[in-house]
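S.K.: Residue numbers (mature numbering (1 follows the signal peptide of the UniProt record, and there is no 0)): -23 to -1, 1 to 428.
Each residue gets a CB set at the ideal place from its N, CA and C atoms; glycine is no exception.
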């Protein structure tokens, strides 16, 4: 009985131990297959159980898609900066930045630098103040009423016509086309001496306002003038293909004849004035009609250069297509073969040109297109007097960007024509037989010395 009791107690003890071990295994998260690993190692030499398969970690929830950042609004487009002018920009010399008034008092606190010259006229030198000519005329003409609008290639004089001076646009009938022109008359009834002006290549009759200013200055000294648009230039209705030296010279002669028949001018006191290419037109006109004028002024004269080397390619293109096309200031021009042929004949023009009395050549020391040597050679060939303008580029101040240069040019032109046209014997005789006596203003100032 005792043995049975002991056996029962032993069995109960084993059962209790087994139950405790099972309870401990559930609390410690014991492995599968009934194996309980209390020590973390092998159990009593029995085969190690496989490490429990790790339970899958819960699938992470997708992070919320980031909301799109608001699209940045376009930065306001920057406003275009003002387009630079072709030449260096200068501080304004008065409250109006688009105009430079000559002879006026600068606005307080503003600078008055010498204006620069556009690159095509030889660079950006402030040559205006370097000439030292200042108001060298002393000829009675005033710069009041003249301003400069724009700058660089867009610069031009704005000229107010003084009271008493007549300035009229006209259309003159020509052989092949009408000629647009403007005449300017002094106060009074006349007859007045007459000056006919020829503008430069691809320009117009006012030559950026410079010819208008010259016309006013001449009128203030009692001299009438007429300026015209050559074919295809300015307001001319004609095609530019008509534009050549022979045709332009014919226009000059036509305008002279029209003025003598329609204006109160003296047929014995006629002068011609040409600028740049217009100087060749003037020479050509005097070859065609030697007695057309009694005095002549050539400003920045085109001279003898090898035109064939320079223009042969364009000439051949004109021969092939009927014309050569070029563009200036946004306008298309068609240049005919005769235009080039006239240029190629320049050497013959100078060889056959006889010396003329009463001629003046005005040239600038800074002219890169017509060097001083060329101007002097031309003067020697035709026997002309000369007037050197220090600091003058090819534009010779005609657009208003170099006031001191233009003042000397203006003075030279006016004083020369007053001296030569008034002193012409035929003119003096004709004037004595009229009630008005021709000239209105008397003698020239003599402030310009011609060489």
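Could you name the residues that DSSP lists as bridge partners for residue 498?
M.R.: Because the chain is modelled from -23 through 428, residue 498 falls outside the range shown and cannot be assessed.
S.K.: Are residue 258 and residue 251 closer than 8 Å when you measure CB to CB?
M.R.: Their beta carbons are under 8 Å apart, which means residue 258 touches residue 251 by this criterion.
S.K.: Going by C-alpha distance, which of 151, 278, 207 and 193 is nearest residue 372?
M.R.: Among 151, 278, 207 and 193, the Cα nearest to that of residue 372 is on 278.
S.K.: The alpha helix (DSSP H) that contains residue 132, what's its start and end?
M.R.: That residue, residue 132, is in no alpha helix (DSSP H); it is neither H nor E in DSSP.
S.K.: Taking its Cβ as the centre, do 16 or more other Cβ atoms sit within 10 Å of residue 319, making it buried, or is it exposed?
M.R.: Buried, by the Cβ-count rule.
S.K.: Do the CB positions of residue 314 and residue 340 come within less than 8 Å of each other?
M.R.: Result no, Cβ atoms of residue 314 and residue 340 do not sit closer than 8 Å.
S.K.: Nearest by alpha-carbon distance to residue 263: which of 231, 188 and 381 is it?
M.R.: Looking at the Cα atoms, 231 is the closest of the given residues.
S.K.: Do you know how far the Cα of residue 350 is from the Cα of residue 87?
M.R.: Caution is warranted here: a pLDDT of 26 is assigned to residue 87, below 50, making its placement in the model unreliable, and the coordinate value is therefore given only provisionally. Going by the C-alpha atoms only, they are around 40 Å apart.
S.K.: Taking the continuous beta strand (DSSP E) assigned at residue 273, which residues delimit it?
M.R.: Where residue 273 is concerned, the enclosing beta strand (DSSP E) stretches over 272 to 276.
S.K.: How many Å lie between residue 63 and residue 132 at the Cα?
M.R.: Confidence at residue 63 is low in this model, with a pLDDT of 34, below 50, so its placement is unreliable and the value that follows should be read with caution. So the alpha carbons of these two residues sit roughly 10 Å apart.
S.K.: Nearest to residue 190 by CA position, among 209, 152, 307 and 142, is which residue?
M.R.: The shortest C-alpha separation from residue 190 is found at 142.
S.K.: Can you tell me whether DSSP reads residue 290 as helix, strand or coil?
M.R.: Here residue 290 sits in helix by DSSP.
S.K.: Taking Cβ to Cβ, would you say residue 175 is nearer than 8 Å to residue 225?
M.R.: Yes.
S.K.: Just to confirm, is the Cβ distance from residue 144 to residue 157 under 8 Å?
M.R.: Result no, Cβ atoms of residue 144 and residue 157 do not sit closer than 8 Å.
S.K.: In the DSSP assignment, find the unbroken alpha helix (DSSP H) run with residue 227 in it and report its ends.
M.R.: First-last of the alpha helix (DSSP H) with residue 227: 222 to 239.
S.K.: For the alpha helix (DSSP H) that residue 262 lies in, which residues bound it at each end?
M.R.: First-last of the alpha helix (DSSP H) with residue 262: 254 to 265.
S.K.: Should residue 297 be labelled buried (16 or more other beta-carbon atoms within 10 Å of its own) or exposed?
M.R.: Label assigned to residue 297: exposed.
S.K.: Count Cβ pairs between the region 302 to 313 and the region 366 to 384 that sit closer than 8 Å; are there 3 or more?
M.R.: Judged by Cβ distances under 8 Å, the region 302 to 313 makes no contact with the region 366 to 384, as fewer than three pairs qualify.
S.K.: So, is residue 185 buried or exposed, given that buried needs 16 or more other C-beta atoms within 10 angstroms?
M.R.: Classification of residue 185: buried, given that the 10 Å Cβ count is 16 or more.
S.K.: Measure the beta-carbon distance from residue 335 to residue 271 and round it to whole angstroms, keeping in mind my assumption that it falls under 8 Å.
M.R.: With 8 Å as the limit, residue 335 and residue 271 qualify as a contact, their Cβ atoms being about 6 Å apart.
S.K.: Please list the terminal residues of the continuous beta strand (DSSP E) segment that includes residue 310.
M.R.: That run of the beta strand (DSSP E) goes 308 to 312.
S.K.: For residue 365, write down the residues that DSSP places opposite it in a beta bridge.
M.R.: According to DSSP, residue 365 bridges with 340.
S.K.: Per DSSP, what kind of secondary structure is residue 178 in: helix, strand or coil?
M.R.: Of the three classes helix, strand and coil, the one that applies to residue 178 here is coil, per DSSP.
S.K.: One question on the structure: do residue 201 and residue 150 come within less than 8 Å of each other, judged by their Cβ atoms?
M.R.: Taking 8 Å as the Cβ cut-off, residue 201 and residue 150 do not qualify as a contacting pair.
S.K.: Do residue 344 and residue 377 have their beta-carbon atoms positioned less than 8 Å apart in this structure?
M.R.: Not a contact, by the Cβ cut-off of 8 Å.
S.K.: I believe residue 127 touches residue 137 by the beta-carbon criterion, under 8 Å. Please report the beta-carbon distance rounded to the nearest angstrom.
M.R.: Actually they do not touch by this definition, with Cβ atoms about 17 Å apart.
S.K.: Report the CB separation of residue 254 from residue 273 in whole angstroms; it is logged as a contact under 8 Å.
M.R.: Their Cβ separation, rounded to whole angstroms, is 15 Å, which puts residue 254 and residue 273 out of contact at 8 Å.
S.K.: For residue 181, which option in 199, 212 and 152 has the closest C-alpha, if you only look at C-alpha atoms?
M.R.: Looking at the Cα atoms, 212 is the closest of the given residues.
S.K.: Which first and last residues belong to the beta strand (DSSP E) in which residue 302 is found?
M.R.: That run of the beta strand (DSSP E) goes 301 to 305.
S.K.: Hey, out of 140, 214 and 347, whose CA is closest to residue 154's CA?
M.R.: Closest by alpha carbon: 214.
S.K.: In the DSSP output, what is residue 169 paired with across the bridge?
M.R.: In DSSP, residue 169 forms a bridge with 242.
S.K.: On a Cα-Cα basis, can you pick out the residue from 129, 362 and 234 that is closest to residue 152?
M.R.: Taking only the C-alpha atoms, the option nearest residue 152 is 234.
S.K.: What does the alpha-carbon distance come out to for the pair residue 247 and residue 399?
M.R.: Taking the straight line joining both Cα atoms gives about 10 Å.
S.K.: With the cut-off set at 8 Å, would you say residue 219 and residue 208 are in Cβ contact?
M.R.: Yes, they are a contact pair.
S.K.: When DSSP labels each residue in this structure, what does residue 200 get in the three-state scheme?
M.R.: In the structure shown, residue 200 sits in coil (DSSP, three-state: anything other than H, G, I, E or B).
S.K.: State the DSSP-derived secondary structure class of residue 187, mapped to helix, strand or coil.
M.R.: Note: residue 187 maps to helix in three-state DSSP.
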